[in-house]
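Colleague: Numbering-wise (my numbering), the sequence shown opens with residue 104 and increments by one.
Quick one: the structure is below, questions incoming.
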Amino acid sequence: MGAGSTDQNAGVSVWAVLVAAGSGARFGRPKQYEPLGARRVLDWSLDACRAACDGVVLVVAADRAGDDEKADIIVAGGATRSDSVRAGLAAVPPDADVVVVHDAARPYATPALFEAVIAAVRGGADGAVPGLPPADTIKRVDGHRVVETPDRAMLVAVQTPQAFRADVLRAAHAGGADATDDAALVEAAGGTVVVVPGERDNRKITHPSDLPGER
Ligand code: C5P
104 MGAGSTDQNA GVSVWAVLVA AGSGARFGRP KQYEPLGARR VLDWSLDACR AACDGVVLVV
164 AADRAGDDEK ADIIVAGGAT RSDSVRAGLA AVPPDADVVV VHDAARPYAT PALFEAVIAA
224 VRGGADGAVP GLPPADTIKR VDGHRVVETP DRAMLVAVQT PQAFRADVLR AAHAGGADAT
284 DDAALVEAAG GTVVVVPGER DNRKITHPSD LPGER
């Protein structure tokens, strides 16, 4: 049991894979290294992982793999987010029971949110994701043409941290598929993924205007 884990996780080994190997194509530079308050975006995400998990594998771009960061293990990521998760997962100790995948670009996620998704997996789900009802109406499109307007009551906008049974996540990633989140791979493999209430403030830093003081 690591120093960062909570009593709620007693007897269960919970590891985080924190993916921070993106180039920030939409932001214009790697957003995870931007200042946020007195620290960097990455430091906030890393601290939340450390508070809720027994260990953290941090996945960074290859040219940052030698950097000194407050993680137990640091590995180089890959070309896509899913490749980076796989690189991190390969470094998670084999006896981990639960793996929580988190985007470094979400610095506002609280340790309580980690604990909620972990608790749902401990309660029997294969995976658990934070979700919120979308404020906007969502359209399915084909190019510029609207194809369908799904019933908003049936939709949730999904965040990280996402928690999974470690064996289920490893199996879901074994085929090397790509998806925008890990739950999609677990769902495709037939796993049961449940939604817990997300956090309104847990936005993903995507564009410079997502950071205070930036336009
Ligand atoms: O690009 P996007 O905002 O979807 O990235 C989500 C998270 O995945 C970010 O924290 C980013 O650093 C990470 N990522 C990664 N490896 C990639 C692409 C994205 O670790 N090849």
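Glycine residues also receive a C-beta, built at the ideal position from the N, C-alpha and C atoms.
Less than 6 Å between C-beta atoms, sequence neighbours within five positions excluded: which residues of the same chain meet that for Thr295?
Modeller: Residue mapping note: residue 295 aligns to position 192 of the sequence shown, counting from 1. Ala228 and Asp229.
Colleague: Apply the 10 Å Cβ neighbour rule to Ala275 and answer buried if 16 or more other Cβ atoms are within range, or exposed otherwise.
Modeller: Taking the first residue of the sequence shown as position 1, residue 275 is located at position 172. With 16 or more other Cβ atoms within 10 Å, it is buried.
Colleague: Keeping to the same chain, check which residues put their C-beta closer than 7 Å to that of Asp281; ignore five residues upstream and five downstream.
Modeller: Looking up residue 281 in the sequence shown gives position 178. Cβ neighbours of Asp281 beyond the five flanking positions: Thr183 and Ser185.
Colleague: Counting only runs that start and end within the region 129-211, where is the alpha helix (DSSP H) found for 4 or more residues in a row?
Modeller: Runs of the alpha helix (DSSP H) inside the region 129-211: 144-155 and 184-194.
Colleague: Mapping the DSSP letters down to three states, classify Glu290 as helix, strand or coil.
Modeller: Position 187 of the sequence shown, counting from 1, holds the residue named residue 290. Residue state, collapsed to three classes: helix.
Colleague: Among the candidates Thr252, Val117 and Met257, whose CA atom is the shortest distance from the CA of Ala199?
Modeller: Within the sequence shown, the letter at position 96 stands for residue 199. Nearest C-alpha to Ala199: Val117.
Colleague: Counting pairs of Cβ atoms below 8 Å between the region 185-195 and the region 122-135, do you hit three or more?
Modeller: Cβ pair count under 8 Å is three or more, so yes.
Colleague: Name the two residues that bound the continuous beta strand (DSSP E) containing Val120.
Modeller: Taking the first residue of the sequence shown as position 1, residue 120 is located at position 17. Counting along the chain, the beta strand (DSSP E) containing Val120 begins and ends at Val117 to Ala123.
Colleague: For Gly105, which residues in the same chain have their Cβ closer than 6 Å to its Cβ, ignoring the five residues on either side in sequence?
Modeller: Numbered from 1 along the sequence shown, position 2 holds the residue referred to as residue 105. Bear in mind that the predicted position of Gly105 carries a pLDDT of just 44, short of 50, making it too unreliable to give a figure here.
Colleague: Using a Cβ-based criterion (distance less than 7 Å to any ligand heavy atom), does Arg273 qualify as near ligand 1?
Modeller: Start at 1 with the first residue of the sequence shown, and residue 273 comes out as number 170. Result no, Cβ not under 7 Å from ligand 1.
Colleague: Please state whether DSSP places Ala106 in a helix, a strand or coil.
Modeller: As a first step, residue 106 must be located in the sequence shown, where it is residue number 3. Reliability fails at Ala106, whose pLDDT of 43 lies under 50, so the model's placement of it is uncertain and no value is given.
Colleague: Using a C-beta cutoff of 8 Å, does Ala215 count as contacting chain C?
Modeller: This model lacks chain C altogether; it includes just one protein chain.
Colleague: Could you tell me the distance, in whole angstroms, from the CA atom of Met257 to the CA atom of Asp170?
Modeller: Numbered from its first residue, the sequence shown carries residue 257 at position 154. Numbered from its first residue, the sequence shown carries residue 170 at position 67. Each residue's alpha carbon lies about 43 Å from the other.
Colleague: Taking just the CA atoms, how far does Glu218 sit from Glu137?
Modeller: The residue given as residue 137 occupies position 34 in the sequence shown. The residue given as residue 218 occupies position 115 in the sequence shown. Computed Cα separation, rounded: 26 Å.
Colleague: Would you say the beta carbon of Asp150 comes nearer than 7 Å to a heavy atom of ligand 1?
Modeller: Residue 150 sits at position 47 when you count from the first residue of the sequence shown. No, the beta carbon of Asp150 sits no closer than 7 Å to any heavy atom of ligand 1.
Colleague: Residues in the same chain with beta-carbon distance under 8 Å from Ala223, minus the five sequence neighbours each way, listed in chain order, please.
Modeller: Here residue 223 is taken as the residue at index 120 of the sequence shown, counted from 1. Taken in chain order, the residues that qualify are Ala231, Ala266, Val297 and Val299.
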